[in-house]
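So the structure is just underneath, and the comments pick up after that.
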Amino acid sequence: MQEIVAFFLPMCIMLFGTIFYSIYCIRKGTTFVQGIMRVLLLDLILFFIAWIWWFIYIPDGLAAIIGVGYYALAFVIVGIINFVILYTGIKLTHR
Numbered sequence: 001m002q003e004i005v006a007f008f009l010p011m012c013i014m015l016f017g018t019i020f021y022s023i024y025c026i027r028k029g030t031t032f033v034q035g036i037m038r039v040l041l042l043d044l045i046l047f048f049i050a051w052i053w054w055f056i057y058i059p060d061g062l063a064a065i066i067g068v069g070y071y072a073l074a075f076v077i078v079g080i081i082n083f084v085i086l087y088t089g090i091k092l093t094h095r
């Protein structure tokens with residue numbers, strides 16, 4: 001149970017943090033390029049911290065590599081979600 005919480009809690013924090021930040025960028029009135037760059041920078045920082053934390057928490061080689069691969073997949077999915085949110089949100093606000 002502890003491993004499940006340790007594995008999914010940082011990912012949920014990153015997912016909801018970047019989604020709320022992308023919504024904030026829409027409300028603030030930034031352009032699409034500025035918003036996506038800011039969100040991607042936040043994603044990179046948060047996932048890099050999670051990757052380092054995962055390597056420290058799991059010393060086993062194969063489990064650490066699988067976990068980092070899972071975090072990389074989550075990074076891509078979160079990036080796509082944020083792209084869709086920013087694109088549709090900014091498109092709807094500029095009508």
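Under my numbering, the first residue of the sequence shown carries the number 1, and numbering increases by one thereafter.
Each residue gets a CB set at the ideal place from its N, CA and C atoms; glycine is no exception.
- For a cut-off of 8 Å, the C-beta gap from LEU92 to ILE36 is around 16 Å, too long to register as a contact.
- When secondary structure is reduced to three states using DSSP, GLY29 falls in the coil class, being assigned neither helix nor strand.
- Contact between the segment 9–25 and the segment 38–45 is present, with at least three C-beta pairs closer than 8 Å.
- Short of 8 Å from the beta carbon of TYR71, and not among the five residues preceding or following it, lie these beta carbons of its own chain, in chain order: MET11, PHE47, ALA50, TRP51, TRP54.
- Burial is judged here by how many other beta carbons sit within 10 angstroms of a residue's own beta carbon; ILE26 has at least 16 and is buried.
- In the structure shown, ILE58 adopts coil according to DSSP, grouped into three states.
- In this model, TYR57 and GLY29 are separated by some 39 Å (Cα to Cα).
- C-alpha of ILE13 to C-alpha of GLY67: approximately 16 Å in a straight line.
- A check of alpha carbon separations from ASP43 across THR88, VAL84, GLY79 identifies GLY79 as the nearest.
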